[in-house]
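See structure below.
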Amino acid sequence: MKVSLEKTYPNIDRWVYEHEGWIEIGYDVDSPLNSFVRALDCGGMLWEGKDSYDSLDEAMQDLDAGLEAVLKDIYGD
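Its first residue numbered 9, the sequence shown is counted upward by one per residue in the numbering used here.
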């Protein structure tokens, strides 16, 4: 049985749909940023992951956990 991205990564879902933030995944050789995954909103970057991950799923798990803390700071829940 397939599990949706929204159920697997609820904080990413909340970040995009409720908070209206966005995420960036991958490398940009022209950017001074080294992180593989980042979370941003209209105020700028609020979370930045590691330089590399063993898998995309590991990066998404780290992003979801990071966004849980960011959303708690913003909304207090």
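All C-beta atoms, glycine included, are put in the ideal place defined by N, C-alpha and C. As the structure is a computational prediction, the values presented were derived from the model and not from experiment.
1) Can you have a look at I20 and say buried or exposed, based on whether 16 or more other CB atoms are within 10 angstroms of its CB?
2) So, is the C-beta of M9 closer than 8 angstroms to a C-beta in chain B?
3) Tell me the residue span of the alpha helix (DSSP H) that contains G74.
4) Tell me, please, whether the segment 66 to 75 touches the segment 11 to 28 by the rule of three or more beta-carbon pairs shorter than 8 angstroms.
5) From K10 to L64, what distance separates their C-alpha atoms?
Working from what's here:
1) Taking the sequence shown and counting its residues from 1, the one referred to as residue 20 is at position 12. The residue is buried, with at least 16 neighbouring Cβ atoms inside 10 Å.
2) In the displayed structure, chain B is absent; only one protein chain is listed.
3) Here the question's residue 74 lines up with position 66 in the sequence shown. Its alpha helix (DSSP H) spans residues 64 to 83.
4) yes
5) Residue mapping note: residue 10 aligns to position 2 of the sequence shown, counting from 1. Residue mapping note: residue 64 aligns to position 56 of the sequence shown, counting from 1. Taking the straight line joining both Cα atoms gives about 18 angstroms.
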